[in-house]
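A.B. asks: First, the structure itself, so that you have it in front of you.
Next comes the structure, spelled out in structure tokens:
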């Protein structure tokens, strides 16, 4: 940001604004003389922090209008996630990166036609256990549980970017084993892991107050110690269920999940 384009009026207002802010901070924190001296000793760090805050607050907001016009409530912004989940704070650089990697119009139309919702992944890689820690009440097992010591629950994680996941089980995927379910996915799709699905389902609920997969389970790509694929679902008032299913298991309430990478 350069100062050339601002008016003299804005410059005076900026000076008053920062002076008022400095006085408010001093009154609120109320440091003693030793504390204030420590601040002076870290002046460069404080100035960098101030500059980063100004950059974040003066940045132009991303334009989500196209995505919203196509997907409506099935497009969730990082700002909506941060508001619903205060522990999740996207940095200015992350918001910029997400804005620059917004799906194309054709991709958004494909998501709409195939009952997909698009949400931002968390700010850092999260496992199933990490997602549960954000809001344990969203899970059937609030603490502990059979999967606490399972490798998949700790090591299968989300990756930063946009997550596009089908809001329903893949059509005609119930009463089929794992191999037959996978044959139903298109060349554009893959099966998400348990961390991605748990983030998607609980975040969609936090932001939209809608429970997905309330009466069915869907297989994910995560494997338990017995090489059974992990299914998530049954997301009712008791919370999201997490279970293991053998590859050959079939059931009327067991389908498969699907995701698409951008």
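Residue numbers (this note's numbering): 387 to 648.
Don't be surprised by glycine CBs; every beta carbon is placed ideally from N, CA and C.
Keep in mind it's a predicted model, so treat the numbers as computed, not measured.
Taking residue 613 as the reference, give the member of 536, 560, 588 and 562 with the closest Cα.
C.D. replies: As a position in the chain shown, residue 613 is number 227, starting the count at 1. When only C-alpha atoms are compared, the closest one is 536.
A.B. asks: Check residue 394 in the structure and name its three-state DSSP category.
C.D. replies: On the chain shown, position 8 is the one that residue 394 refers to. In this structure, residue 394 counts as helix in the three-state DSSP scheme.
A.B. asks: Just verifying my parser: in three-state terms, what is the DSSP assignment at residue 548?
C.D. replies: What you label residue 548 is simply residue 162 of the chain shown in a count that begins at 1. If DSSP states are grouped into helix, strand and coil, residue 548 belongs with the strands.
A.B. asks: Using only the alpha-carbon positions, how far apart do residue 616 and residue 462 sit?
C.D. replies: Against the chain shown, residue 616 aligns to sequence position 230. Against the chain shown, residue 462 aligns to sequence position 76. Approximately 26 Å, taken between the alpha carbons.
A.B. asks: Kindly indicate the opening and closing residues of the alpha helix (DSSP H) around residue 590.
C.D. replies: In the chain shown, counting from the first residue as 1, residue 590 sits at position 204. That run of the alpha helix (DSSP H) goes 580-594.
A.B. asks: Would you call the region 523-539 in contact with the region 547-562, where contact means no fewer than 3 C-beta pairs closer than 8 Å?
C.D. replies: No: fewer than three Cβ pairs fall under 8 Å.
A.B. asks: From 601, 638, 549 and 637, pick the residue whose C-alpha is nearest to that of residue 622; which is it?
C.D. replies: For the purposes of this step, residue 622 is taken as the residue at position 236 of the chain shown. Nearest C-alpha to residue 622: 601.
A.B. asks: Which residues in the same chain as residue 528 place their Cβ atom closer than 6 Å to its Cβ, once the five residues preceding and following it in sequence are excluded?
C.D. replies: Numbered from its first residue, the chain shown carries residue 528 at position 142. Once the five neighbours on either side are set aside, the close Cβ partners of residue 528 are 522.
A.B. asks: Thinking C-alpha only, which one of 495, 494, 542 and 592 is nearest residue 696?
C.D. replies: The question about residue 696 has no answer here: the residues shown for the chain are numbered 387 through 648.
A.B. asks: Using a threshold of 8 Å, state whether the C-beta atoms of residue 504 and residue 550 are closer than that.
C.D. replies: Taking the first residue of the chain shown as 1, we reach residue 504 at position 118. Taking the first residue of the chain shown as 1, we reach residue 550 at position 164. A contact, by the Cβ cut-off of 8 Å.
A.B. asks: If we call anything under 8 Å between Cβ atoms a contact, is residue 425 one with residue 432?
C.D. replies: Position 39 of the chain shown holds residue 425. Position 46 of the chain shown holds residue 432. Their beta carbons are under 8 Å apart, which means residue 425 touches residue 432 by this criterion.
A.B. asks: How big is the Cα-Cα spacing for residue 645 and residue 568?
C.D. replies: Position 259 of the chain shown, counted from the start, is the residue given in the question as residue 645. Position 182 of the chain shown, counted from the start, is the residue given in the question as residue 568. Approximately 12 Å between the Cα atoms of the pair.
A.B. asks: Can you tell me whether DSSP reads residue 640 as helix, strand or coil?
C.D. replies: Here residue 640 refers to the residue found at position 254 when the chain shown is read from its first residue. Residue 640: strand per DSSP, three-state reduction.
A.B. asks: Per the contact definition of three or more C-beta pairs closer than 8 Å, is the region 450-457 in contact with the region 492-508?
C.D. replies: Short answer: they touch.
A.B. asks: From residue 451 to residue 419, what distance separates their C-alpha atoms?
C.D. replies: As a working note, residue 451 is residue 65 in the chain shown. As a working note, residue 419 is residue 33 in the chain shown. When rounded, the distance between both Cα atoms is 50 Å.
A.B. asks: Should residue 632 go down as buried or exposed, given a rule of 16 or more other Cβ atoms within 10 Å for buried?
C.D. replies: Looking up residue 632 in the chain shown gives position 246. Counting Cβ neighbours within 10 Å, residue 632 comes out exposed, since fewer than 16 surround it.
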